[in-house]
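Residue numbers (our numbering), protein chains in the order written: chain A, 1 to 120; chain B, 121 to 240.
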DNA sequence: TCAAAATATGCGAATGAGTTGCATATGCAG
DNA sequence: CTGCATATGCAACTCATTCGCATATTTTGA
Ligand SMILES: [Mn+2]
Ligand SMILES: [Mn+2]
Ligand SMILES: [Zn+2]
Ligand SMILES: [Zn+2]
């Protein structure tokens, strides 16, 4: 456990949004001003492999991250503002598993994003 | 409508899978041997913007394409083989719309991929 | 049918997120 | 403390995709 890693972990804990690696780099600098981007990339890869972090691709070119501990949820992206809204739906979870099963598979992972505009 | 574009369209029509730009380039060469990769990229971007093609990211680095649709479907990726299985579920479609509505949004787009391994 | 205007192409160079080699610095076990 | 294992910073690299530009093809419309 190094200074750089502690800085990144803290940056992550303090984040309520879904930051990308560059944002995390900036935020981690507050705790370790000399930290390099490469270290952020390496650390995020490590954390993801260890299952401590979830990596998302919301289609803006850069991967976005969040701590894995939270309860299972999916995301709705507000196309007007870019805001990311988290939601959880039990029926949906069950349905995903059931669909996989119907096709002869055990569901190991999934990706679900909804893109919408606010209802006027 | 140019020779290059016709070649790409034909390559796409003849494809039953979800080819990436490089695969399409190879396949299009059959109809226009001098076609350049840049043209494939440009044309796919155009087709996507026109809504004639759907672009997917199945997490292998390269974007995958298919004709915009036959009928609405989602994808299950067999993690053991990489095979892509298409499926359609009415309940799921309805549920996605309903969830968006519940959150105060009109659903404009969505992305759903299931990743699974064959049940033993 | 033809020439000019409009568009698309091929090529190679550029981009940008992410990765990696390597010399140095840091962390940790003894 | 010391020594070895591991992580870091930096710069160079990768790889998919985009772009500039000179040239070629298509389209327009007289
Ligand atoms: Mn989820
Ligand atoms: Mn779909
Ligand atoms: Zn989230
Ligand atoms: Zn498909």
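Glycine is no exception: its CB is placed at the ideal position from the N, C-alpha and C atoms.
Say yes only if the C-beta of residue i is nearer than 6 angstroms to one or more non-hydrogen atoms of ligand 4, and no if none qualify.
{"i": "residue 206 of chain B", "result": "yes"}
{"i": "residue 71 of chain B", "result": "Nothing in the structure corresponds to residue 71 of chain B, since chain B is present only between 121 and 240."}
Could you check if residue i belongs to the surroundings of ligand 3, using beta carbon to heavy atom distance under 6 angstroms?
{"i": "residue 13 of chain A", "result": "no"}
Rank the options by C-alpha distance to the C-alpha of residue i and give the top, closest one.
{"i": "residue 111 of chain A", "options": "B:229, B:184, B:178", "result": "B:178"}
{"i": "residue 18 of chain A", "options": "A:89, A:92, A:68", "result": "A:68"}
{"i": "residue 44 of chain A", "options": "A:12, A:96, A:92", "result": "A:12"}
{"i": "residue 81 of chain A", "options": "A:54, A:118, A:106, A:7", "result": "A:118"}
{"i": "residue 140 of chain B", "options": "B:128, B:215, B:150", "result": "B:128"}
{"i": "residue 203 of chain B", "options": "A:105, A:27, A:88", "result": "A:105"}
{"i": "residue 101 of chain A", "options": "B:198, B:152, B:228, B:220", "result": "B:198"}
{"i": "residue 207 of chain B", "options": "A:103, A:49, A:85", "result": "A:103"}
{"i": "residue 42 of chain A", "options": "A:24, A:92, A:15", "result": "A:24"}
{"i": "residue 241 of chain B", "options": "B:212, B:126, B:240", "result": "Here chain B has residues from 121 to 240 only, and residue 241 of chain B is not among them."}
{"i": "residue 166 of chain B", "options": "B:212, B:121, B:240", "result": "B:121"}
{"i": "residue 16 of chain A", "options": "A:29, A:108, A:89, A:85", "result": "A:85"}
Less than 6 angstroms between the CB of residue i and some heavy atom of ligand 6, yes or no?
{"i": "residue 42 of chain A", "result": "Looking for ligand 6 in the displayed structure turns up nothing; the ligands present are ligand 1, ligand 2, ligand 3 and ligand 4."}
Using DSSP with H/G/I as helix, E/B as strand and the rest coil, what is residue i?
{"i": "residue 16 of chain A", "result": "coil"}
{"i": "residue 189 of chain B", "result": "coil"}
{"i": "residue 35 of chain A", "result": "coil"}
{"i": "residue 46 of chain A", "result": "helix"}
{"i": "residue 172 of chain B", "result": "coil"}
{"i": "residue 30 of chain A", "result": "coil"}
{"i": "residue 240 of chain B", "result": "coil"}
{"i": "residue 92 of chain A", "result": "helix"}
{"i": "residue 232 of chain B", "result": "strand"}
{"i": "residue 9 of chain A", "result": "helix"}
{"i": "residue 279 of chain B", "result": "Nothing about residue 279 of chain B can be reported from this structure: the residues present for chain B run from 121 to 240 only."}
{"i": "residue 203 of chain B", "result": "coil"}
Practice task
Identify each residue in the region 210-221 of chain B for which the Cβ-Cβ distance to at least one residue of chain A is less than 7 angstroms, and report them in chain order.
Solution key: For the region 210-221 of chain B, which is checked against every Cβ of chain A, the residues closer than 7 angstroms are 211, 212, 215, 216, 219, 220.
Practice task
Say whether the region 67-78 of chain A touches the region 98-118 of chain A, bearing in mind that this needs 3 or more beta-carbon pairs closer than 8 angstroms, one atom from each stretch.
Solution key: Yes, they touch.
Practice task
Check whether the region 148-158 of chain B touches the region 169-183 of chain B, counting contact only when three or more Cβ pairs, one atom from each stretch, lie closer than 8 angstroms.
Solution key: Fewer than three Cβ pairs drawn from the region 148-158 of chain B and the region 169-183 of chain B lie within less than 8 angstroms of each other, which leaves the two stretches out of contact.
Handout entry: Against chain B: residues of the region 37-66 of chain A by CB proximity under 7 angstroms
Key = Answer in chain order: 57.
Handout entry: Residues from the region 3-33 of chain A in contact with chain B, defined by Cβ distance under 7 angstroms
Key = Listed by position along the chain: nothing, the set is empty.
Problem - Inter-stretch contact (C-beta, 8 angstroms, three-pair minimum) for the region 89-98 of chain A and the region 48-57 of chain A - result: No: fewer than three Cβ pairs fall under 8 angstroms.
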